[in-house]
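Taken in sequence, the protein lines are chains Y and A.
For the first sequence, my numbering assigns the number 37 to the initial residue and increments by one for each residue that follows.
For the second sequence, my numbering assigns the number 37 to the initial residue and increments by one for each residue that follows.
The C-beta atom is built at its ideal place from N, Cα and C for all residues, glycine as well.
2 protein chains.
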Amino acid sequence: MPRTGGAGADDQRSGLSRRGLLGLVGTGVGAGVLGLGAGIGADRAVSARTAGGSGAAASYPFFGRHQSGIVTTAQDRLHFAAFDVADGTTRAELIELLQDWSYAASRLTAGLDVSPTGATGGPLAAPPDDTGEALGLPAAGLTVTIGFGPSLFTGTSGVDRFGLASRRPAALIDLPHFPGDQLIEAASGGDLCIQACSDDPQVAVHAIRNLSRIAFGRASLRWSQLGFGRTSSTTRDQTTPRNLFGFKDGTANVKAEDTRAVDEGVWATADDGAPWMAGGSYLVARKIRMTIETWDRASLAEQQTVFGRDKGEGAPLSGGSEFTEPDFTAAAATGGPAIAPDSHVALAHPQNNAGATLLRRGYNFVDGNDELGRLNAGLFFICFNRDSRRQFVPIQQALARSDRMNEYVKHVGSAIFAVPPGASPDGWVGDTLFA
Amino acid sequence: MPRTGGAGADDQRSGLSRRGLLGLVGTGVGAGVLGLGAGIGADRAVSARTAGGSGAAASYPFFGRHQSGIVTTAQDRLHFAAFDVADGTTRAELIELLQDWSYAASRLTAGLDVSPTGATGGPLAAPPDDTGEALGLPAAGLTVTIGFGPSLFTGTSGVDRFGLASRRPAALIDLPHFPGDQLIEAASGGDLCIQACSDDPQVAVHAIRNLSRIAFGRASLRWSQLGFGRTSSTTRDQTTPRNLFGFKDGTANVKAEDTRAVDEGVWATADDGAPWMAGGSYLVARKIRMTIETWDRASLAEQQTVFGRDKGEGAPLSGGSEFTEPDFTAAAATGGPAIAPDSHVALAHPQNNAGATLLRRGYNFVDGNDELGRLNAGLFFICFNRDSRRQFVPIQQALARSDRMNEYVKHVGSAIFAVPPGASPDGWVGDTLFA
């Protein structure tokens, strides 16, 4: 059911803080026009208009044990944003920002405007609360997933800005430098992140834009990335999509139905060292530029050797079909292993990484072209794991050292975030950290 | 019906030129592997698998009186590319490029790979003809629309590179400098353009990537732009979408059903001065960055005054509903005109532009953010008109001089292209120019 311009009947009381409202109006005009609910309690428990499912009408709950956007059926489009907290922001103001984001996200994911008066229901003399470009659009499967970067805990100059240093999870490491990394500072790091996924890019962009706006004066965009097409399936009912190398990606991805693998490899527990992260996960983002013009000149044989799979079906070169387990001991007809030991599938496979798995949730991107006419394109890799020290880092170290694919990729952006558990309807995302 | 990796049964003979194949293989390995059809005749007349309609399964014909992608029901996503012809390219090679593009586009728009062997049907020792990321995807309403920039006719240094100077249509003007223009050279101009529209961005990106690849050595990308959401309707069955100002856009757009307006305002005729353009049109592209953070701080009243319409319904401020004709003589309750004479709707309206109309076909874009954390976002404006001297230019001059919206927009890219008529199945796009 599309959202409408007026006040939502289900939510007459505003949950945006005074600061959030000041952010919206900018000039200060109109502040206090809406009811300034000090807390953001039960009035936020907006029920999704349509439950679960897929397609444009899907709606996923914002509140719950885990944040949505992790094991949620991977949506088609992405707008990802990393933020830095503004200088001088206090701990109380940071908390208020997370409360405001939670309130707004709970509405947006239900297909509503950011506040009851929304895009058109407020006074003519004030800026609208909502920017309006999603008016008439359904929730479109929107999920908003919030994370905390290492610098939130230590500050950029080592100052414990928010009294959080002792709360930093050991698993929230500073990612090491990997061989071949050519990181751009402006596409890396961040105090906070928001991953907005939706089946409609206008809905994802609307979410990031409005959450950025609500953060005005407290946090600002550090970098952001649009992804136009998913490169992973996260549930068994999804067909495996293709990356810009033209290969199926994510065939062996951890799926939501693999509850044991999800429990072991995705969700942090209270015993992992940071009890406030129980039910949360760790997100690693890597912006991987593909030199697709070089790739496109490689022979089909070379391309398939790099992946260790065939291009058409995605079957391992050891035989079978897409979902056949690769056999790393199988020999090729011409002698030697059917799957090269330095192929992508061999190096990334759990069997060769002490069982380590990743829940991948990446997206294809194209950011125009460079001055030589080459598409600035690639994979915006996102994964969730329980402990990057045992999962992402060793896998990426193996890949960075030896992967045949390295000839065709360049890692230009990198970030890691602790994604706290989901909140209850009378809480907010991050409340366990500040408790 | 999704494409498959193997050879298309309906098209066993390749229509790509030797140069096109050389472009594909890059190193020269594999050239001559496919049959090198000298002509690109009836074997190209691929019939669309599904005719017309909308949604992911839609397929539009590539051949016909007009090129598709103009009055075609506006698809959801865009990848637009401008190319420069490589130094030293001959007239014959330019013709061959257009033949190769037409051949490949006729296949892509039918949901096929660029050649019969495609992404996986060729020899293992050669690079695949098709890059493969659209394997398994339907045509998804793809249209490929090809245009010629002024510099194709004169060359960048005034040299008549291809013997086309005398064939340049008078209507293919060099666009004037408009007040406020802050054009970036790297986002403006171009010898050639391809507009790829589809309901699936992966399909549009696949088309531009593969057509760029086929052009290798003959033309290279000058600039390119992804658009994630349409901002115009071009047929009456479409709901009016919203731009990133949050307003409905294109309510008064020329629609395909307005056959008289289309005939008068879109299609060039043999009597217009360039008979080879009969059935073609002129495309103007303008990359318009919106300073959305400033806009978002403007009051609802200011926003509505700028547009001359209300934000919720898109009704003119003179009253009625979305499709009510604006009444520029109506008075506001508070005195003065209900619709400000310098509002966008007033300045752009045909009534105030000697009846001039535009068929708009623009898209919302977000290209990340700038170093101050502001989204680099806006409207990639595209319009088609019969003669920009009577249509786009006077309208844009009125807007550039007086539009209240100018406070919130910055034109950073600009280009104009002559879009020739559609080709017959035994011809190619542009054949009337070189006849």
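Residue i - DSSP class collapsed to helix/strand/coil
| i | result |
| --- | --- |
| Q111 of chain A | coil |
| G242 of chain A | For clarity, residue 242 of chain A is His in the given sequence; the question names Gly instead. Helix. |
| V465 of chain A | coil |
| G56 of chain A | helix |
| T295 of chain Y | helix |
| Q231 of chain A | strand |
| S95 of chain Y | strand |
| F470 of chain Y | helix |
| G414 of chain A | strand |
| R437 of chain Y | helix |
| R101 of chain Y | coil |
| R249 of chain Y | helix |
Contact with chain Y by residue i, beta-carbon distance below 8 Å
| i | result |
| --- | --- |
| P224 of chain A | Looking at the sequence provided, one finds Ser at residue 224 of chain A rather than Pro. For S224 of chain A, the answer is no, since every Cβ of chain Y falls outside 8 Å of its Cβ. |
| A45 of chain A | Confidence is the limiting factor: at A45 of chain A the pLDDT is only 35, short of 50, which leaves the residue's position unreliable, though a coordinate-based value still follows. By this cut-off, A45 of chain A is not an interface position. |
| G64 of chain A | In this prediction, G64 of chain A has a pLDDT of 34, which is less than 50 and means its spatial position is unreliable; nothing more can be read from the coordinates. |
| D363 of chain A | no |
| E358 of chain A | no |
| V241 of chain A | yes |
| P152 of chain A | no |
| S53 of chain A | no |
| R143 of chain A | no |
| T167 of chain A | yes |
| P164 of chain A | yes |
| A368 of chain A | no |
| R249 of chain A | yes |
| R245 of chain A | yes |
| K446 of chain A | no |
| L200 of chain A | no |
| G348 of chain A | yes |
| G282 of chain A | yes |
Within-8 Å CB hit, residue i to chain A
| i | result |
| --- | --- |
| V402 of chain Y | yes |
| N389 of chain Y | no |
| N279 of chain Y | yes |
| N405 of chain Y | yes |
| F264 of chain Y | yes |
| S335 of chain Y | yes |
| W259 of chain Y | yes |
| D332 of chain Y | yes |
| K323 of chain Y | no |
| T8 of chain Y | In the structure displayed, chain Y extends from 37 to 471; residue 8 of chain Y sits before or after that span and is not available. |
| P237 of chain Y | yes |
| S234 of chain Y | no |
| S268 of chain Y | no |
| G177 of chain Y | no |
| A161 of chain Y | yes |
| S256 of chain Y | yes |
| A74 of chain Y | Because A74 of chain Y carries a pLDDT of 29, less than 50, the predicted location of this residue cannot be relied on, and the following value inherits that uncertainty. A74 of chain Y does not count as touching chain A. |
Element boundaries [beta strand (DSSP E), containing residue i]
| i | result |
| --- | --- |
| S450 of chain Y | 445-455 |
| A262 of chain Y | Looking at the sequence shown, residue 262 of chain Y is not Ala but Leu. Residues 255-263. |
Span of the alpha helix (DSSP H), counted from its first residue to its last, around residue i
| i | result |
| --- | --- |
| R422 of chain Y | Per DSSP, R422 of chain Y belongs to no alpha helix (DSSP H) and is neither H nor E. |
So within the stretch 311-373 of chain Y, which uninterrupted beta strand (DSSP E) runs reach at least 3 residues, ignoring any that extend past its ends?
Qualifying beta strand (DSSP E) stretches, in chain order: 317-326.
Let me know the alpha helix (DSSP H) ranges lying completely inside the stretch 367-411 of chain Y, each 4 residues or longer, listed in chain order.
Counting only runs of 4 or more, we get 380-384.
Three or more C-beta pairs below 8 Å linking the stretch 120-130 of chain Y and the stretch 141-155 of chain Y
Counting Cβ pairs under 8 Å, fewer than three are found: no touch.
Continuous alpha helix (DSSP H) assignments of at least 4 residues falling wholly in the stretch 111-164 of chain A
Complete alpha helix (DSSP H) runs here, min 4: 127-144.
Contact the stretch 344-360 of chain A vs the stretch 415-435 of chain A: 3+ CB pairs below 8 Å:
Output reads no: the stretch 415-435 of chain A does not touch the stretch 344-360 of chain A.
Quick check on the DSSP output: what are the complete beta strand (DSSP E) runs of length 3 or more inside the stretch 158-218 of chain A, in order along the chain?
Scanning the stretch 158-218 of chain A from its first residue to its last, the whole beta strand (DSSP E) runs of 3-plus residues come out as 179-184.
Do the stretch 213-232 of chain A and the stretch 388-399 of chain Y touch if we need at least three Cβ pairs shorter than 8 Å?
As far as the Cβ criterion goes, the stretch 213-232 of chain A does not touch the stretch 388-399 of chain Y, which means the pair count is below three.
Stretch pair the stretch 97-114 of chain A + the stretch 179-187 of chain A: three plus CB contacts closer than 8 Å
Counting C-beta pairs closer than 8 Å gives three or more between the stretch 97-114 of chain A and the stretch 179-187 of chain A, which meets the contact rule.
Evaluate contact between the stretch 237-247 of chain Y and the stretch 105-121 of chain Y, counting only Cβ atoms and requiring at least three cross-stretch pairs below 8 Å.
Here the stretch 237-247 of chain Y makes contact with the stretch 105-121 of chain Y; the two share three or more CB pairs at distances below 8 Å.
With three or more C-beta pairs closer than 8 Å as the rule, is the stretch 252-265 of chain Y touching the stretch 396-403 of chain Y?
By the Cβ criterion, the stretch 396-403 of chain Y is in contact with the stretch 252-265 of chain Y, since at least three pairs of Cβ atoms, one from each stretch, lie closer than 8 Å.
Using 8 Å as the Cβ pair cut-off and three pairs as the minimum, do the stretch 452-465 of chain Y and the stretch 366-373 of chain Y touch?
The stretch 452-465 of chain Y vs the stretch 366-373 of chain Y: no contact.
Is the stretch 265-277 of chain Y touching the stretch 130-143 of chain Y, taking contact as three or more C-beta pairs under 8 Å?
At 8 Å Cβ cutoff, the stretches do not touch.
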